[in-house]
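Quick mapping for you: the protein sequence lines, in order, are chains A and B. Here the numbering used here is used: position 84 in the first sequence is 65, and no number is missing along the way. Here the numbering used here is used: position 9 in the second sequence is -10, and no number is missing along the way.
There are 2 protein chains.
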Amino acid sequence: MDDRTKLFKALADKNRLRILKMLEVRPLCVCEIREILNLANSTVSQHLAILRDAGFIYDIKDNKWVNYHLNKRTDDDVAYALLMVLQNRSFDDDVYRKDAERVHQVDRNILCNL
Amino acid sequence: MDDRTKLFKALADKNRLRILKMLEVRPLCVCEIREILNLANSTVSQHLAILRDAGFIYDIKDNKWVNYHLNKRTDDDVAYALLMVLQNRSFDDDVYRKDAERVHQVDRNILCNL
DNA sequence: TTAATATTTCGGTATATTGCGAAATACAGG
DNA sequence: CCTGTATTTCGCAATATACCGAAATATTAA
Chain A
-18 MDDRTKLFKA LADKNRLRIL KMLEVRPLCV CEIREILNLA NSTVSQHLAI LRDAGFIYDI
42 KDNKWVNYHL NKRTDDDVAY ALLMVLQNRS FDDDVYRKDA ERVHQVDRNI LCNL
Chain B
-18 MDDRTKLFKA LADKNRLRIL KMLEVRPLCV CEIREILNLA NSTVSQHLAI LRDAGFIYDI
42 KDNKWVNYHL NKRTDDDVAY ALLMVLQNRS FDDDVYRKDA ERVHQVDRNI LCNL
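Right, dumping it as structure tokens:
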């Protein structure tokens, strides 16, 4: 029961939906996401923790960065179905398209020197 | 964008998920839902307004009652896909099963005389 | 019209969530 | 070990949400 609301609560935030849509393009580190969403690092980190706790993403540490990946191989059927809903053609928005463009453009080696 | 978060916000509440699962059994009026969820009428009414505003349910006035129905024919593909996720076999819980039993048992003519 | 019943709206309180900056942690490279 | 960089955790403020009871609304029945 609580597990089920946890999934929807994780998706019930504009910035977290943007994060998931950006991760459809490629894995990202915290500072790349911070740059695109224009939020504080700490805020992004918390959003990622919520998405990870719900099972939608996982992280892999790579050198000095932590890369966040979409968890397309989750064994939770409901979480998987929800990820598929987000990838549906009708789940669309200008904001997501612009974010996706910026995901292609950002370079962590440039923008991650605070 | 906001429309998309509206859908997930509507589902991000334990009691609203229970309501949607109960409506899979049959249409219900406010006082029947109140009885099963053990909430105030006004609280149930607000939950129903949120679900209706998101497009998951609709209401039909019938005599002195307002019957709430699951909106399975919604033209919003995303809302439809989400309703289907809720009906998935793996979206399951003891709470929902017990609620469904009670839906079969309650009689609005008895319990709706506050 | 009046009374009764079902529902909704309003006002207020308690709790949850989102955001930030500062401090703490992790860790690679010198 | 020490420094610099990326991330996380903590404490706090602002806002949003969930809940209730009381008042307002709608509608049926007398």
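Built from N, CA and C at the ideal position, the CB exists for glycine as well.
With a cut-off of 7 angstroms, does the C-beta of residue i fall near any C-beta of chain B?
i, result
"residue 62 of chain A", "yes"
Against chain A, with Cβ distances strictly below 7 angstroms, would residue i count as a contact?
i, result
"residue -8 of chain B", "yes"
"residue 25 of chain B", "no"
"residue 6 of chain B", "no"
Counting only Cβ pairs nearer than 7 angstroms, list the residues of chain B close to residue i.
i, result
"residue 42 of chain A", "The contacting residues do not exist; residue 42 of chain A stays about 29 angstroms from chain B at best."
"residue -11 of chain A", "-11, -8, -7"
"residue -2 of chain A", "-15, -14"
Who are the neighbours of residue i on chain B, taking C-beta pairs under 8 angstroms?
i, result
"residue 1 of chain A", "Result: empty, since nearest Cβ-Cβ is about 11 angstroms, beyond 8 angstroms."
"residue 84 of chain A", "None at all; the shortest Cβ gap to chain B is about 17 angstroms."
"residue 66 of chain A", "59, 62, 63, 66"
Assuming residue i and residue j are in contact, meaning their beta carbons sit under 8 angstroms apart, how far apart are those beta carbons, in whole angstroms?
i, j, result
"residue 10 of chain A", "residue 89 of chain A", "6 angstroms"
"residue 32 of chain A", "residue 1 of chain A", "7 angstroms"
"residue 16 of chain B", "residue 87 of chain B", "6 angstroms"
"residue -15 of chain A", "residue 74 of chain B", "7 angstroms"
"residue 66 of chain A", "residue 59 of chain B", "6 angstroms"
"residue -4 of chain B", "residue 29 of chain B", "That belief does not hold up - the Cβ atoms of residue -4 of chain B and residue 29 of chain B are roughly 10 angstroms apart, past 8 angstroms."
Which chain A residues are close to residue i, counting only those with a beta carbon under 9 angstroms from its beta carbon?
i, result
"residue 72 of chain B", "-15, 58, 59, 62"
"residue 69 of chain B", "58, 59, 62"
Any idea if residue i is buried or exposed, counting beta-carbon neighbours within 10 angstroms, 16 or more meaning buried?
i, result
"residue 21 of chain B", "exposed"
"residue -10 of chain B", "buried"
"residue 14 of chain B", "buried"
"residue 91 of chain B", "exposed"
"residue 7 of chain B", "exposed"
"residue 96 of chain B", "Outside the displayed span of chain B (-18 to 95) sits residue 96 of chain B, for which this structure offers no information."
"residue 52 of chain A", "buried"
"residue 80 of chain B", "buried"
"residue 38 of chain B", "buried"
Quick one: complete alpha helix (DSSP H) runs, 4+ long, within the stretch -18 to 44 of chain A?
-17 to -8, -5 to 6, 11 to 18, 22 to 35
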